[in-house]
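Structure record follows, encoded as structure tokens.
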């Protein structure tokens, strides 16, 4: 998902912008504002998809960095290179890249900044759908090619495992995990921020992670030596001059910020309703306690309460209960209390 100016929002979008400690798009640091190149944030999924769709060899390098030490692949074509107008405004749209390698395998890559409550289910469903969508009527299962899902997450998914940030899932037996049911479904997940902190991954992958999180920070980018990432930065500088792409990226970014603001507002309204509901519940509980105390006082002084007085007592408000409680002190008969 897209990144944003940290001063304009809170939540996962702002976290990534702050993590980059860089300026807003178009204002890099490190060499001075006049000398630093202007570029778009690679975390913006519009920019992410545009860059790697235009330069499949860079996508191949990113995929190989994630899948290392598996045999390298070469992306032959991008199956969904276009960005539709509705993709820019849809907060639930995932602008993933669906690629095909030289052996016919499909690789689905997504840059994910936002948290989704059911993200694992959605991600598995997307990979499974890509697998199922390969075969047409009359085709044989032997023609089915594996599908590899790659998700680059700016947030931490597996909070109970702080020492691991790169994950690879396949269909494996629970008792003998070394035995797997083919390679048809594969999923790679990289928790970017955790991976950067741990620093235990191969150098090419760490270079891509730094680029994804900090490509607006020129000082950080000057430390990168991995040539494909350096080439990607050069392309990002060039893409900045594409006014249409800049506007698309800004529109996408604003849509995600608006969606997060709507969620914040919904949470706030829910909290207020909860507080109001809790207050009303507390008032009712207090009134009921007053009724019970007054009932015990009346029964202690006058004996069992007649039914019609019990009904009046159950419907009385705080002020009426207070008046009746004072009347008990001087009343000679129960009628004197309620009159």
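In UniProt numbering, the protein residues as written are 1 to 339. Glycine is no exception: its CB is placed at the ideal position from the N, C-alpha and C atoms.
Check: Roughly how many whole angstroms lie between the Cα atoms of residue 314 and residue 295?
Finding: Your numbering for residue 314 matches position 314 in the chain shown. Your numbering for residue 295 matches position 295 in the chain shown. Going by the C-alpha atoms only, they are around 10 angstroms apart.
Exercise for review: Could you tell me if residue 335 is buried or exposed, where buried requires 16 or more neighbouring beta carbons within 10 angstroms of its beta carbon?
Suggested key: Position 335 of the chain shown holds residue 335. It counts as exposed.
### Task
Look up residue 149 in the DSSP assignment and give the residues it is bridged to.
The residue given as residue 149 occupies position 149 in the chain shown. 108 and 187, per the DSSP bridge assignment.
Residue 40: which of 239, 288 and 308 sits nearest, CA to CA?
Position 40 of the chain shown, counted from the start, is the residue given in the question as residue 40. Nearest of 239, 288 and 308 to residue 40, Cα basis: 239.
_N-terminal and C-terminal residue of the alpha helix (DSSP H) that residue 79 is part of_ = As a first step, residue 79 must be located in the chain shown, where it is residue number 79. Here residue 79 belongs to no alpha helix (DSSP H), and DSSP marks it neither H nor E.
In the structure shown, what three-state DSSP assignment does residue 176 receive?
Residue mapping note: residue 176 aligns to position 176 of the chain shown, counting from 1. Residue state, collapsed to three classes: coil.
(message) So residue 210 and residue 191 are supposed to be a Cβ contact under 8 angstroms. How far apart are they, rounded?
(response) In the chain shown, counting from the first residue as 1, residue 210 sits at position 210. In the chain shown, counting from the first residue as 1, residue 191 sits at position 191. About 15 angstroms separates the two Cβ atoms, so there is no contact after all.
### Test item: CB-CB of residue 127 and residue 108 under 8 angstroms
Numbered from 1 along the chain shown, position 127 holds the residue referred to as residue 127. Numbered from 1 along the chain shown, position 108 holds the residue referred to as residue 108. Result yes, Cβ atoms of residue 127 and residue 108 sit closer than 8 angstroms.
Exercise. Note down, in chain order, each residue of its chain lying with its Cβ closer than 8 angstroms to the Cβ of residue 235, except the 5 sequence neighbours on either side.
Key: Counting from 1 along the chain shown, the entry for residue 235 is found at position 235. Answer for residue 235: 51, 54, 55 and 58, listed in chain order.
- Task: Name the two residues that bound the continuous beta strand (DSSP E) containing residue 99.
- Result: Numbered from its first residue, the chain shown carries residue 99 at position 99. First-last of the beta strand (DSSP E) with residue 99: 97-101.
*Compute the distance between the beta-carbons of residue 172 and residue 180, then report whether it is under 8 angstroms.*
Within the chain shown, the letter at position 172 stands for residue 172. Within the chain shown, the letter at position 180 stands for residue 180. For residue 172 and residue 180, yes; Cβs fall inside 8 angstroms.
*Is residue 324 helix, strand or coil when you go by DSSP?*
Here residue 324 refers to the residue found at position 324 when the chain shown is read from its first residue. Residue 324 falls in the helix class under three-state DSSP.
**Request:** Can you grab the Cα-Cα spacing for the pair residue 286 / residue 321, in whole Å?
**Result:** Here the question's residue 286 lines up with position 286 in the chain shown. Here the question's residue 321 lines up with position 321 in the chain shown. For residue 286 and residue 321, the distance between alpha carbons rounds to 11 angstroms.
Pick from 69, 96 and 102 that is closest to residue 393, judged by C-alpha positions: This structure gives no information on residue 393, because the portion of the chain shown stretches from 1 to 339.
What would DSSP say about residue 242, mapped onto helix, strand or coil?
On the chain shown, position 242 is the one that residue 242 refers to. In the structure shown, residue 242 sits in coil (DSSP, three-state: anything other than H, G, I, E or B).
> Are residue 188 and residue 46 close, meaning C-beta to C-beta below 8 angstroms?
Replying inline: In the chain shown, the residue the question calls residue 188 occupies position 188. In the chain shown, the residue the question calls residue 46 occupies position 46. Taking 8 angstroms as the Cβ cut-off, residue 188 and residue 46 do not qualify as a contacting pair.
Identified DSSP bridge partners for residue 61: Position 61 of the chain shown holds residue 61. For residue 61, which the question treats as bridged, DSSP gives no partner whatsoever.
Less than 8 angstroms separating the beta-carbons of residue 152 and residue 196? Your numbering for residue 152 matches position 152 in the chain shown. Your numbering for residue 196 matches position 196 in the chain shown. No. Outside cutoff.
Discussion item. Is residue 273 a contact residue of the ligand NAD, with contact defined as CB to any heavy atom under 7 angstroms?
Written reply: Summarising the ligand content, the structure contains no ligands, and the ligand NAD is consequently not present.
### Message
Applying the 10 Å Cβ sphere with the 16-neighbour rule, what's the burial state of residue 223?
### Response
If you number the chain shown from 1, residue 223 lands on position 223. It is exposed - the Cβ of residue 223 has fewer than 16 other Cβ atoms within 10 Å.
For residue 155 versus residue 106, is the C-beta distance shorter than 8 angstroms?
As a first step, residue 155 is located in the chain shown; it is residue number 155 there, counting from the start. As a first step, residue 106 is located in the chain shown; it is residue number 106 there, counting from the start. Cβ distance not < 8 angstroms, so residue 155 and residue 106 don't count as in contact.
Exercise. Closer than 6 angstroms by C-beta to residue 147: which residues in its own chain qualify, once you throw out the five before and the five after it? Chain order, please.
Key: Here residue 147 corresponds to residue number 147 of the chain shown, with the count starting at 1. Correct list, in chain order: 106, 127, 130 and 131.
Which first and last residues belong to the alpha helix (DSSP H) in which residue 166 is found?
Sequence index remark: in the chain shown, residue 166 carries index 166 (1-based). No alpha helix (DSSP H) holds residue 166; the beta strand (DSSP E) holding it covers 166-169.
- Item | Distance CB(residue 144)-CB(residue 157) smaller than 8 angstroms | The count along the chain shown starts at 1 and reaches residue 144 at position 144. The count along the chain shown starts at 1 and reaches residue 157 at position 157. Going by C-beta atoms, residue 144 is not nearer than 8 angstroms to residue 157.
**Q.** Cβ-Cβ distance between residue 248 and residue 97 below 8 angstroms
**A.** Indexing the chain shown from 1 puts residue 248 at position 248. Indexing the chain shown from 1 puts residue 97 at position 97. For residue 248 and residue 97, no; Cβs fall outside 8 angstroms.
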